[in-house]
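Undergrad:
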Amino acid sequence: MSALDIIDTPSPNFNARDADVSLIVLHYTGMESAEAALARLTDPASEVSAHYLIDEDGTIHRLVAEEHRAWHSGKSHWRDVANVNSASIGIELVNPGHEHGYRPFPDAQMSSLIPLVAEIKERYGITRGNVVGHSDVAPARKQDPGELFNWHALARLRLALPRPTRNLVDPGWSDAGFMLALERFGYDVADARAAVTAFQRRFRPEMVDGEIDMECRCLLLALLLPRPQGED
845 MSALDIIDTP
855 SPNFNARDAD
865 VSLIVLHYTG
875 MESAEAALAR
885 LTDPASEVSA
895 HYLIDEDGTI
905 HRLVAEEHRA
915 WHSGKSHWRD
925 VANVNSASIG
935 IELVNPGHEH
945 GYRPFPDAQM
955 SSLIPLVAEI
965 KERYGITRGN
975 VVGHSDVAPA
985 RKQDPGELFN
995 WHALARLRLA
1005 LPRPTRNLVD
1015 PGWSDAGFML
1025 ALERFGYDVA
1035 DARAAVTAFQ
1045 RRFRPEMVDG
1055 EIDMECRCLL
1065 LALLLPRPQG
1075 ED
């Protein structure tokens, strides 16, 4: 990654992978400062880590080499991947999170994240649908990177799935039918309300209420429809 200026800040918190990399998982640190987050992510007693941390000023820290399994997602699931840590690259974004004064992610931070995601995505052949947030892979436990994260900035560069905007049709699913479709898309729906909330944070962040409505059904149907040939 010669095009990116990366500071090596090694964490001892990793082990061997037992799966090929097929996911990128984005997080926020949920701590009051970058220093506090780095201290925790490199503390062996914490038993947590990520491959990269990006400060709000755009500084990128590499904590764990990509060939190793970092400990960032905990118990999680996405599509056919039950061991997300083994199959993913984890990127932490410095942000105080919902508990400490959640705020938008600065342009400098996003400007570092975008090329990093692009390089990782290309290197491993990761599909747009597998560039996800922590709340997508662990909806019952997590809410990061949250509704203020600028997914559009990634989607417009084909680095993540876009929010559907055209030809939205209500499939008329019952709530149970919606949950079956949501599971097919990739979410763990064991906690139905949490799964709906995570879906909304990702694809309808302006209204996150955990309620299944017509717009949710329309968005999910559009996401499940086949994309034009050549799109991942």
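Oh and the sequence shown: position 230 is 1074 in our numbering, straight run, nothing missing.
Glycine included, each C-beta is placed from N, C-alpha and C at the ideal position.
#1: Look at I851 and H905 and say whether their C-beta atoms are less than 7 Å apart.
#2: If you scan the region 921 to 960 from start to end, which runs of the beta strand (DSSP E) of 3 or more residues do you find wholly inside it?
#3: At which residues does the alpha helix (DSSP H) containing H996 begin and terminate?
#4: Give the DSSP-derived three-state secondary structure of V892 in the structure shown.
#5: Which value, in whole angstroms, describes the spacing of the CA atoms of M845 and I933?
#6: Look at the alpha carbon of A863 and the alpha carbon of G969, and state the distance between them as a whole number of angstroms.
#7: Determine the burial state of M875: buried for a count of at least 16 other Cβ atoms within 10 Å of its Cβ, exposed for fewer.
#8: With respect to the alpha helix (DSSP H) encompassing V1040, which residues constitute its N-terminal and C-terminal limits?
#9: Would you mind working out which of F1022, V961, G977 and Y872 sits nearest L1001, comparing C-alpha positions?
#10: Pair every Cβ in the region 908 to 922 with every Cβ in the region 938 to 954, then say whether three or more of these pairs are closer than 8 Å.
#11: For the alpha helix (DSSP H) containing H912, list its first residue and its last residue.
TA: In short:
#1: For the purposes of this step, residue 851 is identified with residue 7 of the sequence shown, where counting begins at 1. For the purposes of this step, residue 905 is identified with residue 61 of the sequence shown, where counting begins at 1. Against a cut-off of 7 Å, the Cβ pair of H905 and I851 comes out as a contact.
#2: Within the region 921 to 960, the complete beta strand (DSSP E) runs of at least 3 residues are 932 to 937.
#3: Counting from one through the sequence shown, the residue named residue 996 turns up at place 152. Here the alpha helix (DSSP H) through H996 covers W995 to A999.
#4: Here residue 892 is taken as the residue at index 48 of the sequence shown, counted from 1. If DSSP states are grouped into helix, strand and coil, V892 belongs with coil.
#5: In the sequence shown, the residue the question calls residue 845 occupies position 1. In the sequence shown, the residue the question calls residue 933 occupies position 89. Annotation note: pLDDT 42 at M845 (below 50); position unreliable, coordinate value reported separately. C-alpha separation (whole angstroms): 15 Å.
#6: Along the sequence shown, one-based indexing puts residue 863 at 19. Along the sequence shown, one-based indexing puts residue 969 at 125. A863 and G969 have their C-alpha atoms spaced approximately 14 Å apart.
#7: For this step, residue 875 is matched to residue 31 along the sequence shown. By the neighbour-count rule (16 or more Cβ atoms within 10 Å), M875 is buried.
#8: On the sequence shown, position 196 is the one that residue 1040 refers to. Element bounds for V1040: A1036 to F1047.
#9: Along the sequence shown, read from residue 1 onward, the residue named residue 1001 stands at position 157. Nearest Cα to L1001 within the set F1022, V961, G977 and Y872: V961.
#10: Cβ pair count under 8 Å is below three, so no.
#11: In the sequence shown, residue 912 corresponds to position 68, counting from 1. H912: not part of any alpha helix (DSSP H); member of the beta strand (DSSP E) spanning H912 to A914, first to last residue.
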